[in-house]
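*Asks:* Take a look at this one; I'll ask things after.
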């Protein structure tokens, strides 16, 4: 969402230094949320949520991580229009992406039953819980990145 005014995109603060205990807790939460989630799917979810939240830092980071994990350029380029390019994503991935969008946007103030049920059809309960945790965790990271205006570009994958 834009307000019609431009703003400088320089960093406002170094969140990890300003709130080290919160940052450390977020890192721990992120690691716990990823457990049991397919790494490729996790990166698709993180990129898609970051696109929706306009978090340039996280889009940069997670597209690089996805590439390092072997994700194709085509699927990354078309992720913003995954529904129109559905043939490139499995039904399970599509269910995860729909759930990501529903949790991230909360357009009607809730996650629609049909979106949740579609995800529940493709993920066992524990895996679904982990996916939900992954989605709300990347949303929290996005809000940190957007609010503090973290600068994209310098991130290098460690894989």
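In my numbering, the protein residues as written are 2 to 160.
Ideal Cβ placement from N, Cα and C applies to all residues, glycine included.
1. Can you give me the start and stop residues for the alpha helix (DSSP H) that residue 131 sits inside?
2. Have a look at residue 75 and residue 61 and give me their C-alpha separation to the nearest angstrom.
3. Is residue 91 helix, strand or coil by DSSP?
4. Leaving out the 5 sequence neighbours to the left and right, which residues in its chain are closer than 7 Å to residue 56 when beta-carbon positions are compared?
5. For the alpha helix (DSSP H) containing residue 58, name the first residue and the last one.
6. Residue 46 and residue 136: beta carbons closer than 8 Å?
7. Thinking C-alpha only, which one of 35, 17 and 68 is nearest residue 159?
8. Would the beta-carbon of residue 27 fall within 8 Å of that of residue 141?
9. With distances taken from CA atoms, which of 88, 86, 89 and 130 is nearest residue 101?
10. Here's the rule: buried if 16 or more other CB atoms are within 10 angstroms of the residue's CB, otherwise exposed. What is residue 19?
11. If we count the other Cβ atoms within 10 Å of its Cβ and call it buried at 16 or more, is residue 108 buried or exposed?
12. Assuming contact is defined by CB atoms lying nearer than 8 Å, are residue 96 and residue 122 in contact in what I supplied?
*Replies:* Checking against the coordinates, here is how it stands:
1. Its alpha helix (DSSP H) spans residues 126-149.
2. So the two alpha carbons sit approximately 16 Å from each other.
3. DSSP places residue 91 in coil when its eight states are reduced to three.
4. Taken in chain order, the residues that qualify are 143, 146 and 147.
5. DSSP places residue 58 inside the alpha helix (DSSP H), whose first and last residues are 57-69.
6. In this structure, residue 46 lies near residue 136, with their beta-carbon atoms less than 8 Å apart.
7. Residue 68 is the option with its Cα nearest to residue 159.
8. Cβ atoms of residue 27 and residue 141: closer than 8 Å.
9. Taking only the C-alpha atoms, the option nearest residue 101 is 130.
10. Per the 10 Å Cβ criterion, exposed.
11. Residue 108 comes out exposed.
12. If you check the CB distance, residue 96 and residue 122 come in under 8 Å.
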